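Q: Going by this note's numbering, the first residue of the sequence shown is number 1133, and it counts up by one from there.
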Amino acid sequence: MIETILEALRGSPPWMFLLALSLLPLVGVPLSALWVITGVTFGTRDGFLLIMAGMAINFALAYLISNRWLRGPLTRLFEKRGIRIPQAQPSEFVKLTIAIRIFPGLPNVMQSYLLGLANVPFRIYYFLSFPPQIAIAIGFVLFGESLANMKGGGIIMAVLIIIAAVLFMSIIRKRRAAAGDLEGITS
1133 MIETILEALR
1143 GSPPWMFLLA
1153 LSLLPLVGVP
1163 LSALWVITGV
1173 TFGTRDGFLL
1183 IMAGMAINFA
1193 LAYLISNRWL
1203 RGPLTRLFEK
1213 RGIRIPQAQP
1223 SEFVKLTIAI
1233 RIFPGLPNVM
1243 QSYLLGLANV
1253 PFRIYYFLSF
1263 PPQIAIAIGF
1273 VLFGESLANM
1283 KGGGIIMAVL
1293 IIIAAVLFMS
1303 IIRKRRAAAG
1313 DLEGITS
């Protein structure tokens, strides 16, 4: 199914990509594939601008869905089964957002929905969600453009950017955990 969606996007106008970048991650379509196709189709500069606009819309919609529409019904459903959805405390909002956004392997859709369900305020959720995503998106869009133009140096640079972003987030996570900043949040 994902291959069909990505194939349909090739050659589509920018508004179609914006719609895809905004909505498809809400149902679990991997961002990396969308970012590479955007880089292939629009190049690094235009592709990155499109990705940024898509992120802005996607983050807002994910928060609306998880915090406003799903939180109440899920809370009631779990309470009937004797399970309480954890509520983040104000002193934990920033730490929790950073911890979830830099947690390796957790898909974007789960990150966004978890933060909305944890009742992290929108402004904290929204503005702290961009830096980790931007760091990785740059690498994927550059990778896509380099693939399209068969630029070996660009491909190597893109891979190095992605690796550097992931390592940087891992270092931050480990340092914060060692300092006790993420104690009780990541476990």
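Ideal Cβ positions, reconstructed from N, Cα and C, are used throughout, including at glycine.
Please read these numbers as outputs of a predicted model, since none were measured by experiment.
In this structure, how does DSSP classify G1328 when only helix, strand and coil are distinguished?
A: As displayed, the chain neither begins before 1133 nor continues past 1319, which places residue 1328 out of reach and without an answer.
Q: Check N1190 in the structure and name its three-state DSSP category.
A: Of the three classes helix, strand and coil, the one that applies to N1190 here is helix, per DSSP.
Q: What would DSSP say about R1142, mapped onto helix, strand or coil?
A: The answer is coil: DSSP assigns R1142 none of H, G, I, E or B.
Q: How big is the Cα-Cα spacing for R1203 and L1193?
A: So the two alpha carbons sit approximately 14 Å from each other.
Q: Output yes or no for whether 8 Å exceeds the beta carbon distance between T1173 and I1183.
A: The answer is no: Cβ separation not under 8 Å.
Q: Specify, as a first and last residue, the run of the alpha helix (DSSP H) that E1211 falls within.
A: Run containing E1211: 1203 to 1212, per the alpha helix (DSSP H) assignment.
Q: When the Cα atoms are used, what is the spatial distance from I1317 to M1148?
A: Confidence at I1317 is low in this model, with a pLDDT of 48, below 50, so its placement is unreliable and the value that follows should be read with caution. Between I1317 and M1148, the C-alpha separation is close to 38 Å.
Q: Looking at the structure shown, is P1264 part of a helix, part of a strand, or coil, going by DSSP?
A: It is helical.
Q: Could you check what DSSP says for P1253 in three-state terms: helix, strand or coil?
A: Here P1253 sits in coil by DSSP.
Q: Are the CB atoms of F1191 and A1269 within a distance shorter than 8 Å?
A: Cβ distance not < 8 Å, so A1269 and F1191 don't count as in contact.
Q: Please go through the same chain and pick out, in chain order, the residues whose beta-carbon is closer than 7 Å to the beta-carbon of R1233, but skip the five residues on each side of it.
A: Contacts found: Q1243, L1260, S1261, P1264.
Q: Pick helix, strand or coil for A1220, following the three-state DSSP scheme.
A: In this structure, A1220 counts as coil in the three-state DSSP scheme.
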